[in-house]
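Novice: Numbering (the UniProt record's numbering), first residue to last: 1 to 597. Where a beta carbon is used, it is the ideal one built from N, C-alpha and C, also for glycine. Structure incoming, see below.
Put into structure tokens, the structure is as follows:
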């Protein structure tokens with residue numbers, strides 16, 4: 001633990017001891033008048049019929065209490081939702097417990113805090129209000145307000161599981177800022193429901209904004225926990241203080257929050273734009289947070305603006321979009337519900353970065369700069385990643401384990417190669433599975449054995465995972481080179497030196513794996529769940545997806561291809577079964593090839 005973290009522990013104890021009086025001091029605090037220019041709203045008339053229709057469809061199911069979590073899991077949450085219930089396993093966490101007495105990392109009876117937090121980020125209420133604003137549905141707006149009133153009644157400041165994370169409060173603030181702006185911009189009748197909506201919104205702003213903003217500022221992340229959480233907390237404060245300038249009296253000003261956020265953006269995104277978390281979905285999550293703040297302050301030049309352009313370019317290069325299978329952790333988080341569909345968010349963000357019209361362009365406008373898809377090899381040296389695109393897409397990892405002392409969201413994926421042919425995923429990164437509620441799956445999918453980089457047959461002993469978000473004794477940073485013949489990555493770890501060379505031509509991918517001292521090596525390949533794999537010869541596999549087929553061949557001294565099944569997870573908490581094929585060769589050299597058949 002660093003001196004900064006030790007000091008923070010002392011501060012935390014003081015905060016717990018004084019939390020009741022802290023929240024009492026905020027009673028009656030007034031956020032003041034809202035600045036109608038924050039956030040910048042689009043022209044309602046430019047919305048497409050497709051967006052209006054999708055919002056209307058979503059509004060119906062949401063108001064029925066049928067929600068879709070993480071872009072795939074259909075759950076019944078109620079109307080209003082049960083805010084303290086894990087909608088997957090049904091366990092309810094005591095809302096009367098002070099938050100500091102709850103260990104959200106170990107909830108009872110298998111409850112997963114991430115699943116509870118998902119329904120408390122207020123994105124569904126924002127989605128309802130987006131629909132109400134675009135489609136003139138005041139009933140939907142009223143429903144969102146009633147749910148927020150219910151939330152406030154059942155989640156007193158400092159009480160329950162929804163007050164255990166400043167990032168969660170920050171995400172609520174960002175959504176409420178947009179929700180409030182949309183409601184205030186909605187044409188309301190002078191009689192009937194109109195005055196009710198206006199008066200309710202004023203009360204909600206007074207109940208929500210000061211308490212959330214002050215608590216986020218007071219409890220913002222420090223030390224090794226200051227990863228994407230701190231980005232989110234500061235971004236929320238930028239938006240909130242810009243819309244309600246008077247909130248600076250209990251939290252901070254927009255200028256103060258933005259100054260801190262600028263430093264974090266430059267710290268957490270490498271010069272080539274990659275997130276130092278080494279997790280592609282968290283890269284997008286952090287980028288969206290930073291983008292919201294940058295739009296608010298009008299950041300259009302300078303080092304931070306340039307870094308965000310690089311971050312946008314990095315995601316566009318590294319993400320497949322349609323069949324993502326992202327590297328590192330992925331909990332399918334979103335900041336605002338601004339894509340057309342949650343399940344296609346990655347693809348929609350890539351299209352927005354290309355300047356294509358769609359829901360994101362409606363809500364956010366054009367991207368700061370347009371990104372074009374480059375053909376051939378593209379190396380990201382600071383982030384340790386190289387990508388090939390031309391019919392095939394190949395993504396070779398030569399990155400550090402993760403960010404800071406914790407390496408919270410990184411996986412043991414050095415020298416791993418993910419492979420797509422057009423829209424079809426073939427060799428995959430197996431995903432994340434889950435966090436606190438899924439500890440075994442989390443360890444399994446983050447391990448060396450879940451990735452296809454060459455490794456010793458007996459496995460590695462390190463890094464050591466001490467918890468869901470704590471790893472110790474990381475591997476050295478691999479070396480990465482782009483040669484005329486292809487991409488080359490080298491990893492030295494635990495006295496062994498492995499090398500992977502990847503070459504691509506029109507017909508396929510050729511990979512050569514070496515242990516540079518001639519010691520045995522093992523490689524495991526996890527195929528996408530849609531792939532049917534048949535062993536045709538001793539060292540030849542036929543891969544089938546629908547009407548497409550590929551041949552997989554291996555060459556090396558000794559060893560036999562053997563198969564098993566494995567769990568994989570393309571979305572948070574979603575489990576599927578995939579085929580794994582593995583080989584061990586004695587002489588430390590293996591060449592394998594994937595070709596179209």
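By alpha-carbon positions, which one of 486, 568, 524 ends up nearest to residue 508?
Specialist: Numbered from its first residue, the chain shown carries residue 508 at position 508. For residue 508, the nearest C-alpha among the options comes from 486.
Novice: Tell me where the beta strand (DSSP E) around residue 125 begins and ends.
Specialist: Translated into the one-based positions of the chain shown, residue 125 becomes position 125. Segment 123-135 is the alpha helix (DSSP H) holding residue 125; no beta strand (DSSP E) there.
Novice: Curious, which full-length alpha helix (DSSP H) runs of at least 4 residues does the segment 401-472 contain?
Specialist: 439-446
Novice: Quick check on the DSSP output: the beta strand (DSSP E) that includes residue 153 runs from which residue to which?
Specialist: On the chain shown, residue 153 is found 153 positions in, with the first residue counted as 1. Here residue 153 belongs to no beta strand (DSSP E); instead the alpha helix (DSSP H) covers 138-154.
Novice: Buried or exposed for residue 106, going by 16 or more other Cβ atoms inside 10 Å?
Specialist: Here the question's residue 106 lines up with position 106 in the chain shown. Classification for residue 106: exposed.
Novice: Any chance you could list the alpha helix (DSSP H) runs of at least 4 consecutive residues sitting entirely within the segment 18-83, in chain order?
Specialist: 49-63
Novice: Could you tell me which whole beta strand (DSSP E) segments of length 3 or greater appear in the UniProt domain "Heparin-sulfate lyase N-terminal" (225-296)?
Specialist: none
Novice: Using only alpha-carbon positions, find the residue among 97, 125, 88 that is nearest to residue 109.
Specialist: For the purposes of this step, residue 109 is taken as the residue at position 109 of the chain shown. Nearest C-alpha to residue 109: 88.
Novice: What residue range is occupied by the uninterrupted beta strand (DSSP E) comprising residue 198?
Specialist: Position 198 of the chain shown, counted from the first residue, corresponds to residue 198. Unbroken run through residue 198 is the alpha helix (DSSP H), 193-218; no beta strand (DSSP E).
Novice: For residue 528 and residue 586, what's the separation of their Cα atoms in angstroms?
Specialist: As a working note, residue 528 is residue 528 in the chain shown. As a working note, residue 586 is residue 586 in the chain shown. Per the coordinates, the alpha-carbon of residue 528 lies some 28 Å from the alpha-carbon of residue 586.
Novice: Does the count of Cβ pairs from the segment 547-564 and the segment 469-489 closer than 8 Å reach three?
Specialist: no
Novice: Which runs of the alpha helix (DSSP H) fall wholly inside the segment 295-382 and span at least 4 residues, in chain order?
Specialist: 303-318, 345-353, 359-364
Novice: Could you tell me how far apart the beta carbons of residue 144 and residue 129 are, in whole angstroms, since I believe they sit closer than 8 Å?
Specialist: By 1-based counting over the chain shown, the position of residue 144 is 144. By 1-based counting over the chain shown, the position of residue 129 is 129. Contact holds; Cβ gap of about 5 Å.
Novice: Once you ignore the five residues that flank residue 185 on each side, which residues in its own chain have a CB closer than 7 Å to its CB?
Specialist: By one-based count along the chain shown, residue 185 stands at place 185. The answer, listed in chain order, is 41, 133.
Novice: From this set, 63, 271, 411, which residue's C-alpha is nearest residue 330's C-alpha?
Specialist: On the chain shown, residue 330 is found 330 positions in, with the first residue counted as 1. Nearest C-alpha to residue 330 among 63, 271, 411: 411.
Novice: Write down the C-beta distance between residue 429 and residue 409 rounded to the nearest angstrom, noting that I regard them as a contact closer than 8 Å.
Specialist: On the chain shown, residue 429 is found 429 positions in, with the first residue counted as 1. On the chain shown, residue 409 is found 409 positions in, with the first residue counted as 1. Contact flag wrong, Cβ pair sits at about 13 Å.
Novice: Could you tell me the distance, in whole angstroms, from the CA atom of residue 139 to the CA atom of residue 154?
Specialist: Here residue 139 refers to the residue found at position 139 when the chain shown is read from its first residue. Here residue 154 refers to the residue found at position 154 when the chain shown is read from its first residue. In a straight line, the C-alpha of residue 139 is about 22 Å away from that of residue 154.
Novice: Only counting the same chain, and skipping five residues up and downstream in sequence, which positions put a Cβ closer than 8 Å to that of residue 467?
Specialist: Your numbering for residue 467 matches position 467 in the chain shown. Closer than 8 Å at Cβ, skipping near neighbours: 105.
Novice: Fully enclosed by the segment 491-517, which alpha helix (DSSP H) runs are 4 residues long or longer?
Specialist: none
Novice: Across which residues does DSSP place residue 575 in a beta bridge pair?
Specialist: Within the chain shown, residue 575 is the residue found at index 575, counting from 1. Residue 575 is not bridged to any residue.
Novice: Using a threshold of 8 Å, state whether the C-beta atoms of residue 455 and residue 521 are closer than that.
Specialist: Counted from its first residue, the chain shown places residue 455 at position 455. Counted from its first residue, the chain shown places residue 521 at position 521. For residue 455 and residue 521, yes; Cβs fall inside 8 Å.
Novice: Give me, in chain order, the residues of the same chain whose beta-carbon lies closer than 6 Å to that of residue 283; leave out the 5 immediate sequence neighbours on both sides.
Specialist: Here residue 283 is taken as the residue at index 283 of the chain shown, counted from 1. Same-chain partners within the cutoff: 275, 315.
Novice: Can you say whether residue 21 is buried or exposed, counting buried as having 16 or more other CB atoms within 10 angstroms of its CB?
Specialist: Position 21 of the chain shown holds residue 21. It is exposed - the Cβ of residue 21 has fewer than 16 other Cβ atoms within 10 Å.
Novice: Alpha carbon to alpha carbon, how far is residue 296 from residue 196?
Specialist: For this step, residue 296 is matched to residue 296 along the chain shown. For this step, residue 196 is matched to residue 196 along the chain shown. About 29 Å.
Novice: Rounded to a whole number of angstroms, what is the C-alpha to C-alpha distance between residue 54 and residue 422?
Specialist: Working through the chain shown from its first residue, we reach residue 54 at position 54. Working through the chain shown from its first residue, we reach residue 422 at position 422. Rounded to the nearest whole angstrom, the CA to CA distance from residue 54 to residue 422 is 28 Å.
Novice: Output needed for residue 188: all residues of its chain with C-beta closer than 7 Å, excluding positions within five of it in sequence on either side, in chain order.
Specialist: The residue labelled residue 188 in the question sits at position 188 within the chain shown. If the five residues before and after residue 188 are omitted, its C-beta is found closer than 7 Å to the C-beta atoms of 194, 197, 198, all from its own chain and listed in chain order.
Novice: Taking the alpha carbon of residue 214 as the reference point, which residue from 441, 444, 31 has its own alpha carbon closest?
Specialist: Numbered from its first residue, the chain shown carries residue 214 at position 214. Ranking the options by Cα distance to residue 214, first place goes to 31.
Novice: Is the Cβ-Cβ distance between residue 35 and residue 342 less than 8 Å?
Specialist: Within the chain shown, the letter at position 35 stands for residue 35. Within the chain shown, the letter at position 342 stands for residue 342. The answer is no: Cβ separation not under 8 Å.
Novice: Report the rounded CA-to-CA distance for residue 97 versus residue 159, giving the unit in angstroms.
Specialist: Locating residue 97 in the chain shown gives position 97, where the first residue counts as 1. Locating residue 159 in the chain shown gives position 159, where the first residue counts as 1. So the two alpha carbons sit approximately 6 Å from each other.
Novice: Between the Cα of residue 280 and the Cα atoms of 399, 141, 232, 374, which residue gives the shortest distance?
Specialist: Numbered from 1 along the chain shown, position 280 holds the residue referred to as residue 280. Closest by alpha carbon: 399.
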